[in-house]
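Visitor: My questions will all concern the structure given below.
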Amino acid sequence: MRPVVSATPALLASVAVGRPVRGEFTYLVPEALAGNLAPGQRVLVPFGRGMALGFYLGPANAPVEGGVRLKPIQRVLEDSPSLPKDLIALLRFTAEHYRYPLGEVIRGALPPGLSTAVDEKEAKPDIQFFVEALVTEVPPQLARAPAQAAVLQYLLAVGGRAPLDEVTHAIPGARETLKKLATRKFVKWVEVTLQAGVREGLVQNRPDRLTPEQAVAVKELQGAVDAGGFQPYLLHGVTGSGKTEVYLRAVEHTLARGLGSLVLVPEIALTPQLVGRFRSRFGGDVAVLHSGLKDRERLFHWQALRKGTVKIAVGVRSAVFAPVEHLGLIVVDEEHDPSFKQDEKLRYQARDLAVVRGKQASAVVVLGSATPSLETLQNTRSGRYKIVELKNRVDDRPMPTINLVDLRVERPREGQVTEEAPILSPQMLQAMEETVAKGQQVILFLNRRGHSTILLCEVCGLSLKCHDCDVCMTHHRSQNRVVCHYCGVAFPVPDRCRECTGPLLKLGIGTERVEAEVLERMPHARVARLDRDSATSAEKLTELLASFARRELDVLVGTQMVAKGHDFPGVTLVCVVMADTSLAIPDFRAAERTFHLLTQVAGRAGRGKDPGRVLVQTYNPDAEPVKRMLAHDFDGFSKQELEWRKALAYPPFARMAAVRLEGEHPEQTAGVARFLGNLVGRHMPPASAGVRLLGPALAPIARIRGKTRWQLLLKAPTHAALAPLLARLEAALADVPNGVKVVIDVDPGAML
1 MRPVVSATPA LLASVAVGRP VRGEFTYLVP EALAGNLAPG QRVLVPFGRG MALGFYLGPA
61 NAPVEGGVRL KPIQRVLEDS PSLPKDLIAL LRFTAEHYRY PLGEVIRGAL PPGLSTAVDE
121 KEAKPDIQFF VEALVTEVPP QLARAPAQAA VLQYLLAVGG RAPLDEVTHA IPGARETLKK
181 LATRKFVKWV EVTLQAGVRE GLVQNRPDRL TPEQAVAVKE LQGAVDAGGF QPYLLHGVTG
241 SGKTEVYLRA VEHTLARGLG SLVLVPEIAL TPQLVGRFRS RFGGDVAVLH SGLKDRERLF
301 HWQALRKGTV KIAVGVRSAV FAPVEHLGLI VVDEEHDPSF KQDEKLRYQA RDLAVVRGKQ
361 ASAVVVLGSA TPSLETLQNT RSGRYKIVEL KNRVDDRPMP TINLVDLRVE RPREGQVTEE
421 APILSPQMLQ AMEETVAKGQ QVILFLNRRG HSTILLCEVC GLSLKCHDCD VCMTHHRSQN
481 RVVCHYCGVA FPVPDRCREC TGPLLKLGIG TERVEAEVLE RMPHARVARL DRDSATSAEK
541 LTELLASFAR RELDVLVGTQ MVAKGHDFPG VTLVCVVMAD TSLAIPDFRA AERTFHLLTQ
601 VAGRAGRGKD PGRVLVQTYN PDAEPVKRML AHDFDGFSKQ ELEWRKALAY PPFARMAAVR
661 LEGEHPEQTA GVARFLGNLV GRHMPPASAG VRLLGPALAP IARIRGKTRW QLLLKAPTHA
721 ALAPLLARLE AALADVPNGV KVVIDVDPGA ML
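Here it is as structure tokens:
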């Protein structure tokens with residue numbers, strides 16, 4: 001029988017392990033570490049048969065069961081905690097609310113360099129090496145060293161100083177030669193720290209004066225920061241009303257009080273322009289956090305925030321976990337955007353966590369949007385959030401005029417063949433020609449990538465579908481391939497139907513096809529495309545947006561990446577190529593998302609001196625989101641949609657959780673779905689509690705990557721009413737066979 005190790009409670013530590021295991025674990029604190037541990041420090045701990053990254057959370061409170069042999073913490077991986085105390089509280093809430101292992105939540109919140117079991121290293125800023133000549137001419141003693149003389153002659157010819165990379169690129173082998181010249185004191189190497197700059201075209205100066213509405217909003221937010229304490233606001237401003245300037249003034253005031261600010265944007269697509277505006281105003285006192293950065297850059301920004309040397313963080317949803325010290329203000333820009341909900345691993349909603357973090361930190365929270373989510377709107381109507389409105393555009397610029405193109409009328413019907421409507425209707429093409437002729441810019445919006453979205457056999461009528469997913473393949477003409485946008489599988493375009501060898505028709509349109517059509521119809525125009533296929537890196541994305549801002553392009557064709565908060569004064573025409581793409585999705589939020597997207601993209605027009613106009617092509621001109629968007633009627637749309645949601649008990653009048661299953665064997669997956677459904681059914685509260693179970697049923701997309709998908713949906717008036725059922729489901733996951741993956745998605749963003 002092994003001896004039992006006893007320890008005083010003071011020498012027991014509670015540790016979250018960075019593995020997919022739930023709960024906290026108790027470890028012994030070695031005498032050498034007693035009194036030297038601080039909550040939030042990364043530690044190395046024995047786990048299973050090996051070692052694992054752990055996070056010290058504080059002394060263990062719960063007594064250890066008799067007979068359990070405790071293991072000691074091996075060592076500490078950093079001098080000071082990576083995680084401040086307030087962030088630990090947020091991460092604990094996140095793990096509990098979204099039903100995810102705490103150690104994995106913490107590990108996912110950390111940047112590269114801190115998310116593995118290695119000692120912390122100081123991240124260095126970007127540096128560039130220059131070579132500088134210490135003489136004004138080639139000295140005679142280099143007559144017998146022609147290689148050294150040639151390199152020095154080149155350096156003198158370009159002004160006596162040049163980047164090292166430039167010299168080594170111009171003269172092969174120059175690096176070793178320069179070392180010899182440096183040893184002989186003819187040149188010296190200079191290390192220059194690169195300061196984060198703003199790409200030309202993305203700089204914006206501080207306006208001399210605010211509009212009356214902006215001034216009221218700024219005064220309200222500054223007063224709330226001065227008062228201290230948690231206060232959430234909805235900043236509801238029409239597109240072009242100057243919400244970003246209100247954010248900047250609020251951050252400016254917060255910084256003057258010695259407090260930190262956190263600004264969240266929905267996607268990397270929006271980051272370059274917003275970061276440009278913040279760096280134009282605050283210089284180097286802005287840390288940027290998103291996945292498009294190099295690992296070293298993300299670690300450098302994280303460490304600067306943790307030390308308190310930088311007080312402003314700007315980033316995408318994961319930045320909600322940024323270690324901003326003395327947090328006084330949180331801004332969530334475009335708060336309605338579905339990108340704030342993560343749909344893999346830890347399925348959190350960053351907007352909601354921003355509000356929780358603001359409450360924990362006693363900070364002011366500003367949720368900004370021209371089309372607020374119905375959840376946020378209902379919170380203002382119930383009095384939980386205050387509302388500040390910007391009803392007019394800056395400089396009293398008019399809202400863009402919106403005109404409709406009915407594709408039912410435009411579609412040709414000649415003979416017995418029913419053709420597709422033209423991609424660019426005559427009205428749209430004429431408007432584009434006129435706009436470009438005036439030296440103004442055009443945005444074409446279509447929320448589908450690729451060239452053709454369906455390849456259909458004209459003999460048997462079957463569409464070309466992915467082998468492993470229940471979706472159609474998308475044709476990418478530039479690659480001459482068909483691609484599944486769910487699993488990523490791709491192969492050359494087949495010549496014939498796989499079933500009957502009939503010819504294939506290319507139907508449906510994507511951004512690639514729209515771009516090709518514009519180039520064909522307007523060969524004189526400078527055209528670019530912005531979607532996930534073209535913007536393959538943060539650098540390419542930034543340069544494309546900067547180029548458009550500098551008016552080096554006439555037409556920008558894109559997906560929803562072009563709709564998100566960009567401010568291009570040269571854009572006077574926005575064309576929605578197809579307004580119907582999101583209406584048919586089997587999701588209760590389909591109408592809301594369609595209205596948001598159409599309103600947001602329309603808002604890119606007319607933000608400069610020239611008035612804007614919008615052309616919307618649609619097969620459904622009577623659809624409620626389309627009609628309301630044409631009239632700029634957000635109030636009417638939201639009122640009607642909220643009434644419908646209330647009648648059917650959907651958010652914001654209910655809380656939801658989705659239990660999603662996927663497995664390789666259809667029968668096994670269906671069996672597990674029925675088992676979980678029966679489990680929930682046996683423990684349902686009385687009907688008066690208002691808790692409902694929908695399913696189990698096949699998911700709307702029943703197969704992805706060859707795996708069958710099922711789902712259960714739970715609805716309840718409050719999250720507290722759902723919690724006991726979710727706890728039972730979580731406990732039951734231990735009995736689920738390995739062949740079936742089960743995910744609990746709290747507050748799901750999509751029903752697919």
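Residue numbers (UniProt numbering): 1 to 752. Positions of the beta carbon are idealized from the N, C-alpha and C atoms, including for glycine. Computed from a prediction, not measured in an experiment: that's the story for all the values here.
Unbroken alpha helix (DSSP H) runs of length 4 or more, entirely within the segment 78-142: which are they?
Guide: With a minimum length of 4 residues, the continuous alpha helix (DSSP H) runs that stay inside the segment 78-142 are 85-97, 102-109.
Visitor: Measuring alpha carbon to alpha carbon, tell me which residue in Arg660, Val557, Ser547 is nearest Gln273.
Guide: Taking the sequence shown and counting its residues from 1, the one referred to as residue 273 is at position 273. Of the listed residues, the one whose Cα sits closest to Gln273 is Ser547.
Visitor: From Val192 to Ala313, what distance separates their C-alpha atoms?
Guide: For the purposes of this step, residue 192 is identified with residue 192 of the sequence shown, where counting begins at 1. For the purposes of this step, residue 313 is identified with residue 313 of the sequence shown, where counting begins at 1. Going by the C-alpha atoms only, they are around 25 angstroms apart.
Visitor: Which residue wins for smallest C-alpha separation from Ala602, given the options Lys609, Lys707, Pro586, Ala631?
Guide: Position 602 of the sequence shown, counted from the first residue, corresponds to residue 602. For the residues Lys609, Lys707, Pro586, Ala631, the minimum Cα distance to Ala602 belongs to Ala631.
Visitor: Would you report the Cα separation of Glu137 and Val151, rounded to the nearest angstrom?
Guide: Looking up residue 137 in the sequence shown gives position 137. Looking up residue 151 in the sequence shown gives position 151. Going from the Cα of Glu137 to the Cα of Val151 covers about 12 angstroms.
Visitor: Roughly how many whole angstroms lie between the Cα atoms of Pro523 and Cys575?
Guide: The residue given as residue 523 occupies position 523 in the sequence shown. The residue given as residue 575 occupies position 575 in the sequence shown. Each residue's alpha carbon lies about 18 angstroms from the other.
Visitor: Would you call Glu592 buried or exposed, if buried means 16 or more other Cβ atoms sit within 10 Å of its Cβ?
Guide: Taking the sequence shown and counting its residues from 1, the one referred to as residue 592 is at position 592. Its Cβ being crowded by 16 or more others within 10 Å, Glu592 is buried.
Visitor: If you draw a straight line from the alpha carbon of Ala133 to that of Lys124, how long is it in whole angstroms?
Guide: Walking along the sequence shown from the start, residue 133 turns up at place 133. Walking along the sequence shown from the start, residue 124 turns up at place 124. Taking the straight line joining both Cα atoms gives about 27 angstroms.
Visitor: Mind the definition here: the segment 238-254 touches the segment 594-608 only if three or more C-beta pairs lie below 8 angstroms; say whether that holds.
Guide: Yes, they touch.
Visitor: Could you please give the first and the last residue of the uninterrupted beta strand (DSSP E) stretch that includes Arg69?
Guide: Along the sequence shown, read from residue 1 onward, the residue named residue 69 stands at position 69. No beta strand (DSSP E) contains Arg69, which DSSP labels as neither H nor E.
Visitor: With distance defined between alpha-carbon atoms, name the residue in Arg613, Pro621, Asp343, Ala549 nearest to Leu583.
Guide: Residue numbering aside, residue 583 sits at position 583 when the sequence shown is read from its first letter. The shortest Cα separation from Leu583 among Arg613, Pro621, Asp343, Ala549 belongs to Pro621.
Visitor: What three-state label does DSSP hand Arg728 in the structure shown?
Guide: Locating residue 728 in the sequence shown gives position 728, where the first residue counts as 1. DSSP places Arg728 in helix when its eight states are reduced to three.
Visitor: Look up His253 in the DSSP assignment and say whether it is helix, strand or coil.
Guide: Numbered from its first residue, the sequence shown carries residue 253 at position 253. Helix at His253.
Visitor: Anyone know if the C-beta pair for Glu730 and Arg92 falls short of 9 angstroms?
Guide: Here residue 730 refers to the residue found at position 730 when the sequence shown is read from its first residue. Here residue 92 refers to the residue found at position 92 when the sequence shown is read from its first residue. No, these two residues do not count as a Cβ contact at 9 angstroms.
Visitor: Output the residue ranges of the beta strand (DSSP E) runs that lie fully inside the segment 255-292 and measure 3 residues or longer, sorted by chain position.
Guide: With a minimum length of 3 residues, the continuous beta strand (DSSP E) runs that stay inside the segment 255-292 are 260-264, 286-289.
Visitor: Short check: CB of Cys457 to CB of Leu504, under 9 angstroms?
Guide: For the purposes of this step, residue 457 is taken as the residue at position 457 of the sequence shown. For the purposes of this step, residue 504 is taken as the residue at position 504 of the sequence shown. In contact: Cys457 and Leu504 (Cβ atoms closer than 9 angstroms).
Visitor: Could you tell me if Asp735 is buried or exposed, where buried requires 16 or more neighbouring beta carbons within 10 angstroms of its beta carbon?
Guide: Counting from 1 along the sequence shown, the entry for residue 735 is found at position 735. Exposed, because fewer than 16 other Cβ atoms sit within 10 Å of the Cβ of Asp735.
Visitor: Cα separation between Ala689 and Leu264?
Guide: As a working note, residue 689 is residue 689 in the sequence shown. As a working note, residue 264 is residue 264 in the sequence shown. If I take the Cα positions, the gap works out to 36 angstroms.
Visitor: With Gly663 as the anchor, note down where its beta strand (DSSP E) starts and where it stops.
Guide: Along the sequence shown, one-based indexing puts residue 663 at 663. Where Gly663 is concerned, the enclosing beta strand (DSSP E) stretches over 655-663.
Visitor: How would you label Leu694, buried or exposed, when you count the other beta carbons within 10 angstroms and need 16 or more for buried?
Guide: Here the question's residue 694 lines up with position 694 in the sequence shown. With fewer than 16 other Cβ atoms within 10 Å, it is exposed.
Visitor: I want to know whether the segment 335-349 touches the segment 273-287 - three or more CB-CB distances under 8 angstroms.
Guide: Flag = no, the segment 335-349 and the segment 273-287 do not touch.
Visitor: Trp710 to Leu679, Cα distance in whole Å?
Guide: One-based indexing of the sequence shown puts residue 710 at position 710. One-based indexing of the sequence shown puts residue 679 at position 679. Their Cα atoms are separated by approximately 16 angstroms.
Visitor: According to DSSP, is Ser339 helix, strand or coil?
Guide: On the sequence shown, residue 339 is found 339 positions in, with the first residue counted as 1. Three-state DSSP puts Ser339 in a helix.
Visitor: Would DSSP call Tyr154 helix, strand or coil?
Guide: Against the sequence shown, residue 154 aligns to sequence position 154. DSSP places Tyr154 in helix when its eight states are reduced to three.
Visitor: For the structure I just gave you, are there three or more beta carbon pairs, one from the segment 566-574 and one from the segment 342-354, closer than 8 angstroms?
Guide: Judged by Cβ distances under 8 angstroms, the segment 566-574 makes no contact with the segment 342-354, as fewer than three pairs qualify.
Visitor: Taking DSSP as the reference, what is the three-state secondary structure of Pro146?
Guide: Numbered from 1 along the sequence shown, position 146 holds the residue referred to as residue 146. Note: Pro146 maps to helix in three-state DSSP.
Visitor: Quick check on the DSSP output: the alpha helix (DSSP H) that includes Thr376 runs from which residue to which?
Guide: Taking the sequence shown and counting its residues from 1, the one referred to as residue 376 is at position 376. Where Thr376 is concerned, the enclosing alpha helix (DSSP H) stretches over 374-381.
Visitor: Using a Cβ-Cβ cutoff of less than 8 angstroms, which residues in the same chain neighbour Asp79 once the five nearest sequence positions on both sides are dropped?
Guide: Numbered from 1 along the sequence shown, position 79 holds the residue referred to as residue 79. If we look at Asp79 and ignore the five residues flanking it on each side, its Cβ neighbours are Glu120.
Visitor: Just how far apart, CA to CA, sit Leu353 and Val320?
Guide: Start at 1 with the first residue of the sequence shown, and residue 353 comes out as number 353. Start at 1 with the first residue of the sequence shown, and residue 320 comes out as number 320. Computed Cα separation, rounded: 7 angstroms.
Visitor: Would you mind sorting Leu648 into buried or exposed? The rule is 16 or more other CB atoms within 10 Å of its CB.
Guide: As a working mapping, residue 648 is identified with position 648 in the sequence shown. It is exposed - the Cβ of Leu648 has fewer than 16 other Cβ atoms within 10 Å.
Visitor: Please report the straight-line C-alpha distance between Val17 and Ala32, rounded to a whole angstrom.
Guide: As a first step, residue 17 is located in the sequence shown; it is residue number 17 there, counting from the start. As a first step, residue 32 is located in the sequence shown; it is residue number 32 there, counting from the start. Distance between the alpha carbons of Val17 and Ala32 is about 21 angstroms.
Visitor: Counting only the same chain and skipping the five closest in sequence on each side, list residues whose C-beta sits under 8 angstroms from that of Arg2.
Guide: By one-based count along the sequence shown, residue 2 stands at place 2. Note that Arg2 scores 38 on pLDDT, short of 50, meaning its location in the model is unreliable; the coordinates nonetheless yield the value given after this. Answer for Arg2: Arg69, listed in chain order.
Visitor: Whose CA, out of Lys179, Val482, Val187, lies closest to the CA of Leu155?
Guide: Against the sequence shown, residue 155 aligns to sequence position 155. The option with the nearest alpha carbon to Leu155 is Val187.
Visitor: Of all the options Ser369, Ala437, Pro84, Asp533, which has the alpha carbon lying nearest to the alpha carbon of Arg42?
Guide: Your numbering for residue 42 matches position 42 in the sequence shown. Among Ser369, Ala437, Pro84, Asp533, the Cα nearest to that of Arg42 belongs to Pro84.
Visitor: In whole angstroms, what separates the C-alpha of Pro611 from that of Asp395?
Guide: The residue given as residue 611 occupies position 611 in the sequence shown. The residue given as residue 395 occupies position 395 in the sequence shown. Those two C-alpha atoms are separated by around 12 angstroms.
Visitor: Just verifying my parser: in three-state terms, what is the DSSP assignment at Arg496?
Guide: Taking the sequence shown and counting its residues from 1, the one referred to as residue 496 is at position 496. Strand, per DSSP.
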